[in-house]
Amino acid sequence: MSLVTEHLPGELAPQALTAWGHILERASAEEGQALQAATAAAPLSSQLATVLACSPFVAGLARRKPAMLLDLLQGDSLQQSLPDTAFREQLQAALEPPEVELGVVLRCFRQRHMLRIVWRDFCRLADTLETVRDTSLLAEACIDIALGRIQAELEKRFGRPLGRSSGQPQRLIVLAMGKLGARELNVSSDIDLIFAFPEAGSTDGEKRQISNEEFFTRVGQGLITALDQVTPEGFVFRVDMRLRPYGESGALVHNFHALEEYYQDQGRDWERYALIKARPVSGDPRYAEQLMQSLRPFVYRRYVDFGVIESLRGMKQMISAEVRRRGLDDNVKLGHGGIREIEFIAQCFQLIRGGRDLGLQQRELLVVLEECVDLGCLPREVAGELRAAYLFLRDSEHAIQGYQDKQTQELPADAVPRQAMAHVMGFPAWDAFAEALGAHRQRVSAHFSNLIAPPEDEQTPAEALEDVGLWADDMDADSLAELGYQDPEQSLQLLQDFRGSGRVVSLQAVGRERLDQFMPLLLRACAEVEQPDLALQRLLPLVVAVARRSAYLVLLVENPPALGELVSLCIASPWIADLMSRHPALLDEFLDRSSLYTAPDKEVLRCELSQQVARLATDDLEAQMDALRYFKASQVLRVAASEIAGRLPVMKVSDNLTWIAEVILEQVLAVAWADLTRKYGEPQREGEGYGFAVFGYGKLGGIELGYGSDLDLVFIQDGVRGATDGERGIDNTVFYMRLAQRMIHILEARMSLGQLYEVDMRLRPDGDSGSLVPSVEGFASYQQNNAWTWEHQALVRARFAAGDPRVAERVEQVREEALCRVRDPQELALDVVKMRRRMREHLLPREVEDTFNLKQGTGGMVDIEFMVQYAVLAWASSTPALARWSDNVRILEVLGNEGLLAEDEAAALTQAYLDYRGAAHQLALQQLPGEVPAELFASDRARVSAQWQALLGAAEQEGSES
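Under our numbering, the first residue of the sequence shown is numbered 26, with each subsequent residue one higher.
1) Can you list, in chain order, the residues of its chain with a C-beta nearer than 6 Å to that of Glu-396? Leave out the 5 residues immediately preceding and following it.
2) Within the same chain, show all residues whose beta-carbon is closer than 6 Å to that of Lys-724, passing over the 5 residues directly before and after it, in chain order.
3) Just to confirm, is the Cβ distance from Gln-99 to Leu-150 under 8 Å?
4) Rounded to whole angstroms, what's the CA-CA distance from Phe-241 to Ser-531? Just pull it up for me.
5) Less than 8 Å between the C-beta atoms of Leu-898 and Leu-853, yes or no?
6) Is Gly-751 closer than 8 Å to Gly-706 when the C-beta atoms are compared?
7) Does the region 339-347 come close enough to the region 364-373 that 3 or more CB-CB pairs lie under 8 Å?
8) Would the region 303-311 and the region 189-203 be scored as touching if the rule is three or more Cβ pairs under 8 Å?
9) Going by Cα to Cα distance, which pick from His-817, Gly-884 and Ala-408 is closest to Asp-856?
10) Would you report the Cα separation of Phe-717 and Val-407, rounded to the nearest angstrom?
11) I believe Arg-243 touches Leu-179 by the beta-carbon criterion, under 8 Å. Please report the beta-carbon distance rounded to the nearest angstrom.
12) With 16 as the cutoff for other CB atoms within 10 Å, does Thr-110 come out buried or exposed?
13) If you draw a straight line from the alpha carbon of Ala-826 to that of Val-688, how long is it in whole angstroms?
14) Give the DSSP-derived three-state secondary structure of Asn-811 in the structure shown.
15) Hey, which unbroken runs of the alpha helix (DSSP H) at 4 residues or more fall wholly within the region 860-947?
16) What residues in its chain sit with their C-beta under 7 Å from that of Asp-290, if we drop five residues either side in the sequence?
17) First and last residue of the beta strand (DSSP E) that includes Val-333?
18) Suppose you measure from the CA of Glu-56 to the CA of Asp-96; what does that come to, to the nearest Å?
19) Measuring CA to CA, which of Tyr-312, Pro-194, Thr-256 and Val-255 is closest to Ser-227?
20) In the region 720-785, which residue ranges form an unbroken alpha helix (DSSP H) of at least 4 residues, counting only runs that do not cross its ends?
21) Could you give the distance in angstroms between the alpha-carbon of Ala-812 and the alpha-carbon of Pro-790?
22) So, are the CB atoms of Leu-77 and Ala-44 less than 8 Å apart?
23) Would you please state the rounded distance, in angstroms, between the beta carbons of Pro-91 and Arg-51? I believe it to be under 8 Å.
24) When the Cα atoms are used, what is the spatial distance from Val-629 to Ala-665?
25) Considering only residues of the same chain and omitting the five flanking positions on each side of Asp-215, which have a CB-CB separation below 8 Å?
26) Can you say whether Met-776 is buried or exposed, counting buried as having 16 or more other CB atoms within 10 angstroms of its CB?
27) Are there 16 or more other CB atoms within 10 angstroms of the CB of Ser-619, so buried, or fewer, so exposed?
28) Drop a sphere of 10 angstroms on the beta-carbon of Glu-668, count the other beta-carbons inside from all chains shown, and report buried for 16 or more, exposed for fewer.
29) Can you name the residues that DSSP bridges to Phe-825?
30) With which residues is His-279 paired in a DSSP beta bridge?
31) At the level of alpha carbons, what is the spacing between Leu-925 and Ser-964?
32) Look at the alpha carbon of Val-745 and the alpha carbon of Val-759, and state the distance between them as a whole number of angstroms.
33) Just to confirm my understanding: we take Leu-436, look at its own chain, exclude 5 residues before and 5 after, and list those with CB closer than 6 Å. What are they?
34) Please report the residue range of the alpha helix (DSSP H) in which Leu-320 lies.
35) With a CB to CB cut of under 6 Å and the five nearest residues on each side skipped, what residues in its chain are close to Val-798?
36) In the DSSP assignment, the beta strand (DSSP E) including Val-125 goes from what residue to what residue?
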């Protein structure tokens, strides 16, 4: 039977027929008949013609081993994907007979699977990702199983290698680097490996003992020979060990301690770049994970690492120079717009941002590109173009390499190979393919050129000389005066003190170089604002804080607009300046001006936090706590920046700060719940949900949080009896108490980014002496029978913040019933006035005549709050709408609408309250106490005091007389 070749263009059909003829000639008569019968089916005949025409490698292999081709044709592996485990299982089975030679089996196994992989790729039965996955799994199986055989043979001679400290048996850990590490191996690639073993020690052989280093050196050499040596059966994989410490001159194997020490002391940025894709493919998984954990701090700096930019820029220049020098324009990997440039783009973001954005700590390029989109590093359109180009270029690379099984990425120059490549890529002719290839490479090249471009240098030579003088050892006040500094002598003294400080004097050379580059820019940026001296005074603590983490200085050098925004906000608010000096990691927020001055709503906040924590291990409590703290600090910075810029009115500021707290509480509850249920299981209860609710009181409940507010919280559980369902089950009540304690710990623990919030639990039933987590029934009983008037006042501002909505619904009903109880107005008024007097005596024992305390002063915020609470407790029994809200503004609106207060009086109280809160926010941003000159709010205070007299004056007088 003849092959189906009608679909093949030009000279490819004769090439296929000739190859088929050679296979049949080499096969036995029985094999020949079976081969022809096996290819009688429609898809196999045309597929075989395609592969024989477009891959002389497959044609030659099939000619030498027609039985192998027949076996594949008669099976189903050519037409379907294999599970991940198939490669190891098949290789182990092939090595089971004791008489077989490892090297021969490995090479035959590789030949069989490469024939299959090229077949499926060229016939487009497999997509790009399957091809690279299968090639990688093939390599992994060969490495790990060969390693086991080699080590077992050596142990017969020398005994088992044991750790000196642990006494535990050791196995070689093979780190797959590059494309194998990412499971992106191409069809004719070498494999980059690094060998490591857990700890020093020696073998326990009876006759002869050797050091672990010598033992594993022999294992490594044996593995390289098994894979790399060319025999009559060819090779398995070419092995490249040049990425190991010290390269070709270094030891072949290193123990974990030596490896970690090398990278921490001598590791270079290109080695960080290489280790991004490192992945263990052999050895004990526990030791392998231990190794990866030890390397991670070297690869990924803790926060955004702009310090690596100059190295990356140098690497990029070397890539471009190599293309020009070696004439690589026809190379789909190394040429302009090639695979290497796409990989470089992705790995740049990984090195710069991977320390903080843990989602970037992944190996697969396409996954990283998608993560870059989610993080805002790349526009979706750009990532889409890079993805499409990458897949096209990798398919092209496979078409090149699968042609003759050669490790090359050079486009073919001859007509027949070009025709074969175009056909495999789905194009009718070479020119059409070349045009599509050129378009992809042009787009990639443009994106590569835009990546970490040199900073724009707008300085004239004269300005550059001035900059040297600005920060020279002999700098003088005249230079600062010329820039516009109003007190140059004082600013000069600040700079000299800073230069002579221990932080600066002890800087390493790189840090000092970066500081010298940054300081003139800072001095010029401060000179652009109205108070340069004050700006410098506020910014220097930040520079001190980051002097030894000079990557932050590079961030600002690389992004002059970010430096300008930083100076502007710090001069506007010492609170922001202080925040930045305490948490320099927030400098990353200044890179995107639109984001910096946008305070998102609650749903967007929830999504942003969810995306950040979704990338973290659920059992890594410290990482979760760190992420929460950064989230809070960055979001509060956005709110402050938006308020300073006039984009948020006072109520929106409090709304946003409250939303941030609520979203954090939701996540803290989720983290604490996950942590406890891992240990104890879940509490037995009806239906789903936590059976636990968090209520916010005070400013959180009233949606009035400020920048430094603590959280008044009350935890309540559903009271269902039972125990948790884990192996270490505990009573539900104990579980919920520990859940509350864990939440408080997560909120209050002091870490590098500070604490989330101070928590005040004194408003729960019976205060500090009461249960930390009362049941709904206990809470209801207390509110009905034991609560004081002041506790019902606090209940006015209680609001569900996080947890189980069903529990919250029951608590809301208890709250409404307590607030709507019929009360004696006179007795209530006396209680409210008494509580107000006690508060004032404690918090503001003496009012200064010419100063007004916005919160506690007569006619201030607390007076309005007490009047609102009195109104709710006095009138909610007849006007239940008053019990619906927890915030003062909406309660005042109800009072006006219902005629309980005159509308103009309700409006006046509302306006006064907002005016006070706005002033308090501004004072907080200026780090000033909440006091203003008495005359500033005289009319507001008068209206508030008049209303106080109308509502509570009689009770106040009665209380004074008694």
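Even glycine gets a Cβ: it sits at the ideal position worked out from N, Cα and C.
For this structure:
1) Gly-384 and Leu-385
2) Leu-730 and Ser-734.
3) no
4) 42 Å
5) yes
6) yes
7) Taking a contact to require three or more Cβ pairs closer than 8 Å, the region 364-373 and the region 339-347 qualify as touching.
8) yes
9) His-817
10) 45 Å
11) Contact flag correct, Cβ pair sits at about 6 Å.
12) exposed
13) 9 Å
14) Of the three classes helix, strand and coil, the one that applies to Asn-811 here is coil, per DSSP.
15) 886-900 and 913-922
16) The same chain holds no residue with a CB closer than 7 Å to that of Asp-290 once the five nearest residues on each side in sequence are set aside.
17) Run containing Val-333: none; DSSP gives neither H nor E here.
18) 10 Å
19) Pro-194
20) 723-726 and 757-773
21) 8 Å
22) Yes, these two residues count as a Cβ contact at 8 Å.
23) 6 Å
24) 18 Å
25) Phe-262, Arg-263, Val-264, Asp-265 and Gln-432
26) exposed
27) exposed
28) That one is buried.
29) Phe-720
30) Ala-221
31) 22 Å
32) Between Val-745 and Val-759, the C-alpha separation is close to 12 Å.
33) Asp-355
34) Residues 310-324.
35) Phe-740, Gln-742, Tyr-761, Met-762 and Ala-765
36) Taken as a continuous stretch (DSSP letters only), Val-125 belongs to no beta strand (DSSP E), as it is neither H nor E.
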